[in-house]
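Asks:
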Amino acid sequence: MEYRIALAQIAPRLGDVEANLELAADRVRAASAEGADLLLLPELALTGYLLQDLVPDVAIAATDPRLLAIGDGAPGMLVAVGFVEETAEHRYGNSVALVRDGELIGLHRKVYLPTYGLFDEGRFTRAGDRIRTHDAAPIGRIGLSVCEDFWHPSLPMLQALDGAALLVNVAAGPSRAPGGPAGMAAIGGWHKMQDTYALLGTVPLAFCNRVGNEEGLTFWGGSRLLAADGSVVVEAPLWEEALVVGTLSTDDLRMQRYGLPLLADERLELVRRELDRIIAERAGIEGPPEPEA
Amino acid sequence: MTASDAAPLPQIDPERAIEVIVAFIREQMAQAGFERLVIGLSGGVDSGTVAFLAARAIGAENLLAVRMPYRTSSEASETDAMRVVEALRCRTELVDITPMVEPMLSLIQDDDPDALNVRRGNVMARQRMIVLYDRSAAEDALVIGTSNKTEALLGYGTLHGDMAAALAPIGDLYKTQLRAVARELGVPEEVVSKPPSADLWPGQTDEGELGRSYESLDRALYALVDRRWSVDRCVAAGLPRELVEWVERRVARMEFKRQLSPVAKLSLRTPGIDHLYPRRRPGSRR
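Protein sequence lines correspond, in order, to chains A and B. All letters in the first sequence, in the order written, are residues 0 to 292 by numbering that gives the first Met the number 0. All letters in the second sequence, in the order written, are residues 0 to 285 by numbering that gives the first Met the number 0.
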């Protein structure tokens, strides 16, 4: 089966949820016209990124009717969109929702909030505590993540092991050091990790990064769709708004996993035992018994 | 290994830097709700480069370049400023600050000739700021800043003078990177290659006043600031210890010029401490 994925590389308006809902609706129409089965909008697409104390002003529930209506006018199309989530317990998180036909199919709360260098996310939002995949038939299970989550390889690998037929990462990546010895450090790093996760997870991967400028930051775009062999299916330009669409095939995934059965061969019981040992050593507590030689 | 290999100058991809800065200017203007910019054009490479960037971002017709000589300013400064104006075909205005600053300067006496120069220079820089902000109100424009990263880190500028601006497009470009950007933009070569000078008194040059070349300063700054090297590591890489220690002290001593004044916290929420909002928050557009 073939299915089409649209990556909407947009520049959300900082702090203006209503304007960003309109922007999203426009891209939903465009993606629908392109025959997309899944549309990705970036991290914090409904709010913008550098929110600071605007967080409670722009936060919405994952059940907010405006969020669930995001794909209205595009029946059957999945939409992944980033927003600030406020839970019933008033916990504020950087979340991505997967919505189809007015129904919340999946939700991921950003687990790794960068709070170093130019980032200050952990000051204003709280980290998620679940790494799961979500059933999105007929594509299969989808593993959602947000930006920095991908700088921790355990997360996409757990999702691949949890049955993901597609990894989705939505991002708000700011550029830095253009042309310096670090090169486009962040962009090069992103490409390496995407290639590696697709290849080693034997899983296709969709990455949607925003563009535009907030305060001094410039977001670089460069959204990409990779097939399960790590090849690039489609890539959006740097810096500018764009909507790119690419086609994936579940048959390709099937044959890739026959030819390269890395996930099936993974020694999870061994990984778990060694993880338990490392956790115990770090915490200074007694670990699992050593296996017999 | 030579110093230049081990402690290199910061590099830049000029085309990409221009793309980023032009988009930055456009979006800052749109978010603030302004269409025009005012710049103080000195004839130097910093303001020349910013003028080119501004013209590319919003169109030369929306840029007002104000030339503000003092009676001792060099003629070459005026000639070079006009080269930029003619290349861009932007609007320009000549405002002689001499009659504005002379009454104040006549009141300033100092036994230390260096201190006297600094005080007089500060008066001129602040007078130019007053002219620019007045023009910005009359023109319905924002004042675009021309301070570069080398100056900002070394505090080589006048607080509330040339450092005052609504946006700082080249504030993250070192002086030596700026020249590559200027050439890519087509800033006239006479402007790009002449010795940098604040032109606050006859014969003044930046490098003479700082006592070091921009090249050596940028090598030291790049190593200390961007790469977070220790002084010892800079010295091991071939940079003179005297230079590195001077730069490190100066960057620390000038921290105050890069920050807003500290607020004595009393209440539950205090601007700048725990009342934190983006400058371009909703409702901030005029």
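Yeah, the Cβ is synthetic: ideal placement off N, Cα and C, and Gly gets one too.
1. Determine whether the Cβ of residue 270 (chain B) lies closer than 8 Å to any Cβ atom of chain A.
2. Taking only beta-carbon atoms, is residue 213 (chain A) less than 8 Å away from chain B?
3. Across the stretch 251-258 of chain A and the stretch 13-20 of chain A, are there enough close Cβ pairs to call them in contact, namely three or more that are closer than 8 Å?
4. Go ahead and label residue 180 (chain A) buried or exposed: buried means 16 or more other beta carbons lie within 10 angstroms of its beta carbon, across all protein chains shown.
5. Beta-carbon separation of residue 83 (chain B) and residue 178 (chain B) under 8 Å?
6. Grab me the residues of residue 30 (chain B)'s own chain with a C-beta within less than 7 Å of its C-beta, minus the 5 sequence neighbours each way, in chain order.
7. The stretch 7-21 of chain A: which residues have C-beta closer than 7 Å to a C-beta of chain B, in chain order?
8. Closest to residue 77 (chain A) by C-alpha separation, out of A:213, A:151, A:66 and A:233, would be which residue?
9. On the premise that residue 243 (chain B) lies in contact with residue 223 (chain B), defined as a C-beta separation below 8 Å, what is that separation, rounded to the nearest angstrom?
10. Say whether the stretch 22-40 of chain A touches the stretch 67-74 of chain A, bearing in mind that this needs 3 or more beta-carbon pairs closer than 8 Å, one atom from each stretch.
11. Which whole-angstrom value describes the C-beta separation of residue 169 (chain B) and residue 49 (chain B), a residue pair presumed to lie in contact below a C-beta threshold of 8 Å?
12. Reducing DSSP to helix, strand and coil, say where residue 151 (chain A) ends up.
13. Flag this pair as yes or no: are the beta carbons of residue 42 (chain B) and residue 79 (chain B) separated by less than 8 Å?
14. Would you please state the rounded distance, in angstroms, between the beta carbons of residue 237 (chain A) and residue 173 (chain A)? I believe it to be under 8 Å.
15. Cα-Cα, which of A:290, A:262 and A:261 is closest to residue 275 (chain A)?
16. Opposite residue 92 (chain A) in the DSSP bridges: which residues?
17. Just to confirm the assignment, what range does the alpha helix (DSSP H) spanning residue 17 (chain B) have?
18. Would you mind reading off the limits of the alpha helix (DSSP H) that contains residue 231 (chain B)?
19. Going straight from the alpha carbon of residue 239 (chain A) to that of residue 205 (chain A), what length do you get?
20. Mind checking if residue 180 (chain A) is an interface residue toward chain B, Cβ cutoff 8 Å exclusive?
21. Would you say residue 0 (chain A) faces chain B, with C-beta separation under 8 Å as the test?
22. Below 6 Å CB to CB, which residues in the same chain sit around residue 0 (chain B) once its five sequence neighbours on both sides are set aside?
23. For the beta strand (DSSP E) containing residue 38 (chain B), name the first residue and the last one.
24. My output table needs one value for residue 120 (chain B): the three-state DSSP class, helix, strand or coil.
25. Where does residue 1 (chain A) fall in DSSP's three states?
26. Between which residues of its own chain and residue 228 (chain B) is the CB-CB distance below 6 Å, once the five residues before and five after are set aside?
27. Look up residue 238 (chain A) in the DSSP assignment and say whether it is helix, strand or coil.
28. Assign residue 156 (chain B) to one of two classes, buried (16 or more other C-beta atoms within 10 Å of its C-beta) or exposed (fewer than that).
29. Can you tell me where the alpha helix (DSSP H) holding residue 22 (chain A) begins and where it ends?
30. At a CB-CB cut-off below 8 Å, which residues of chain A make contact with residue 276 (chain B)?
31. Does the distance from the CB of residue 112 (chain A) to the CB of residue 96 (chain A) come in under 8 Å?
32. Would you identify the three-state DSSP class for residue 8 (chain A), choosing helix, strand or coil?
33. In chain order, what residues of the same chain have a beta carbon less than 6 Å from the beta carbon of residue 182 (chain A), not counting five sequence neighbours either side?
34. Am I right that residue 171 (chain A) and residue 123 (chain A) are in contact with their C-beta atoms under 8 Å? What's the rounded C-beta distance?
35. Could you name the residues of the same chain whose beta carbon sits closer than 7 Å to that of residue 181 (chain B), not counting the 5 residues immediately before and after it, in chain order?
36. Just reading off the alpha helix (DSSP H) that residue 355 (chain A) is part of, what are its end residues?
Replies: Working from what's here:
1. In the second sequence, counting from the first residue as 1, residue 270 (chain B) sits at position 271. Not closer than 8 Å to any Cβ of chain A, the Cβ of residue 270 (chain B) fails to qualify, so no.
2. Here residue 213 (chain A) is taken as the residue at index 214 of the first sequence, counted from 1. Residue 213 (chain A) counts as touching chain B.
3. no
4. In the first sequence, counting from the first residue as 1, residue 180 (chain A) sits at position 181. Per-residue confidence for residue 180 (chain A) stands at a pLDDT of 43, beneath the threshold of 50, marking its modelled position as unreliable; no derived number is given.
5. Taking the first residue of the second sequence as 1, we reach residue 83 (chain B) at position 84. Taking the first residue of the second sequence as 1, we reach residue 178 (chain B) at position 179. Going by C-beta atoms, residue 83 (chain B) is not nearer than 8 Å to residue 178 (chain B).
6. Position 31 of the second sequence holds residue 30 (chain B). The residues are 279 and 284.
7. 13, 14 and 15
8. Your numbering for residue 77 (chain A) matches position 78 in the first sequence. Ranking A:213, A:151, A:66 and A:233 by Cα distance to residue 77 (chain A) puts A:66 first.
9. By 1-based counting over the second sequence, the position of residue 223 (chain B) is 224. By 1-based counting over the second sequence, the position of residue 243 (chain B) is 244. Contact flag correct, Cβ pair sits at about 7 Å.
10. yes
11. Counting from one through the second sequence, the residue named residue 169 (chain B) turns up at place 170. Counting from one through the second sequence, the residue named residue 49 (chain B) turns up at place 50. Indeed, because the Cβ distance is near 6 Å, the residues count as touching under 8 Å.
12. Your numbering for residue 151 (chain A) matches position 152 in the first sequence. Here residue 151 (chain A) sits in coil by DSSP.
13. Taking the second sequence and counting its residues from 1, the one referred to as residue 42 (chain B) is at position 43. Taking the second sequence and counting its residues from 1, the one referred to as residue 79 (chain B) is at position 80. Cβ atoms of residue 42 (chain B) and residue 79 (chain B): closer than 8 Å.
14. Indexing the first sequence from 1 puts residue 237 (chain A) at position 238. Indexing the first sequence from 1 puts residue 173 (chain A) at position 174. At roughly 13 Å, the Cβ-Cβ gap does not stay under 8 Å, so residue 237 (chain A) and residue 173 (chain A) are not in contact.
15. The residue given as residue 275 (chain A) occupies position 276 in the first sequence. Nearest C-alpha to residue 275 (chain A): A:290.
16. Counting from 1 along the first sequence, the entry for residue 92 (chain A) is found at position 93. Its beta-bridge partners are A:84.
17. Numbered from 1 along the second sequence, position 18 holds the residue referred to as residue 17 (chain B). Run containing residue 17 (chain B): 13-31, per the alpha helix (DSSP H) assignment.
18. Here residue 231 (chain B) corresponds to residue number 232 of the second sequence, with the count starting at 1. Taken as a continuous stretch (DSSP letters only), the alpha helix (DSSP H) holding residue 231 (chain B) covers 230-235.
19. As a working note, residue 239 (chain A) is residue 240 in the first sequence. As a working note, residue 205 (chain A) is residue 206 in the first sequence. Those two C-alpha atoms are separated by around 18 Å.
20. Within the first sequence, residue 180 (chain A) is the residue found at index 181, counting from 1. Confidence in residue 180 (chain A) is poor, its pLDDT being 43 and thus under 50, which makes the residue's placement unreliable; the coordinate value appears in the next sentence. It does; some Cβ of chain B falls within 8 Å.
21. Residue 0 (chain A) sits at position 1 when you count from the first residue of the first sequence. Closer than 8 Å: no.
22. Counting from one through the second sequence, the residue named residue 0 (chain B) turns up at place 1. Residue confidence for residue 0 (chain B) is low, a pLDDT of 46 falling below 50, so the modelled location carries little weight; the figure read from the coordinates is stated next. Once the five neighbours on either side are set aside, residue 0 (chain B) has no close Cβ partner at all.
23. Translated into the one-based positions of the second sequence, residue 38 (chain B) becomes position 39. Looking at the DSSP string, the run of the beta strand (DSSP E) that includes residue 38 (chain B) is 35-39.
24. Numbered from 1 along the second sequence, position 121 holds the residue referred to as residue 120 (chain B). Helix at residue 120 (chain B).
25. Here the question's residue 1 (chain A) lines up with position 2 in the first sequence. Residue 1 (chain A) falls in the strand class under three-state DSSP.
26. Walking along the second sequence from the start, residue 228 (chain B) turns up at place 229. Excluding positions up to five away in sequence, the list reads 222.
27. As a first step, residue 238 (chain A) must be located in the first sequence, where it is residue number 239. Reduced to three states, the DSSP call for residue 238 (chain A) is coil.
28. For this step, residue 156 (chain B) is matched to residue 157 along the second sequence. Label assigned to residue 156 (chain B): buried.
29. Indexing the first sequence from 1 puts residue 22 (chain A) at position 23. Start and end: 16-32.
30. If you number the second sequence from 1, residue 276 (chain B) lands on position 277. By Cβ distance, chain A contributes 51, 52 and 53.
31. What you label residue 112 (chain A) is simply residue 113 of the first sequence in a count that begins at 1. What you label residue 96 (chain A) is simply residue 97 of the first sequence in a count that begins at 1. Contact flag unset, no.
32. Stepping through the first sequence from its first residue, residue 8 (chain A) is reached at position 9. Here residue 8 (chain A) sits in strand by DSSP.
33. As a first step, residue 182 (chain A) is located in the first sequence; it is residue number 183 there, counting from the start. Low confidence applies here, because residue 182 (chain A) scores a pLDDT of 44, under 50, leaving its location unreliable and the question unanswered by this model.
34. By one-based count along the first sequence, residue 171 (chain A) stands at place 172. By one-based count along the first sequence, residue 123 (chain A) stands at place 124. 14 Å between Cβ atoms; not a contact.
35. Your numbering for residue 181 (chain B) matches position 182 in the second sequence. Once the five neighbours on either side are set aside, the close Cβ partners of residue 181 (chain B) are 44, 47, 48 and 191.
36. The structure shown does not extend to residue 355 (chain A), since chain A is modelled only from 0 through 292, so no value can be given for it.
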